[in-house]
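Here is the structure we will look at.
In our numbering, the protein residues as written are 12 to 136.
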């Protein structure tokens, strides 16, 4: 198993620690869209060790802080999450967390957020 994330040069990393690193998303859905990835090739969040999971969450906070400091307009919110497995939409079999900055007005209707992964079930209001 290989991962395109492991081909990204450390010079392109946004942040890193002993077990994980962060890079800009190659196909961003918003300015600043970033990925936090384990250094070890691990298929999903549930295959990562507790230490790797903690290291990734640490970098989510670091990336958020960096984006808050550099993006203009400054983000009003964030979507943070991962897809675990093909049925959940995972296309690269290497665990990664999406950190997606959001700005008020960047979508017509923000209600429901992540619930829209299954459109027929999203609307609960």
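Quick reminder that beta carbons are idealized off the backbone N, C-alpha and C, glycines included.
Whether residue i touches residue j by CB criterion (8 Å)
| i | j | result |
| --- | --- | --- |
| residue 55 | residue 101 | yes |
| residue 35 | residue 82 | no |
| residue 29 | residue 49 | no |
| residue 103 | residue 26 | no |
| residue 38 | residue 95 | no |
Status (buried if at least 16 other CB within 10 Å, exposed otherwise) for residue i
| i | result |
| --- | --- |
| residue 106 | buried |
| residue 46 | buried |
| residue 40 | exposed |
| residue 86 | buried |
| residue 78 | buried |
| residue 70 | buried |
| residue 88 | exposed |
| residue 97 | exposed |
Run of the alpha helix (DSSP H) containing residue i, from where it starts to where it stops
| i | result |
| --- | --- |
| residue 81 | 61-81 |
Residue i, enclosing beta strand (DSSP E) - first and last residue
| i | result |
| --- | --- |
| residue 32 | 31-35 |
| residue 45 | 45-49 |
| residue 108 | 107-113 |
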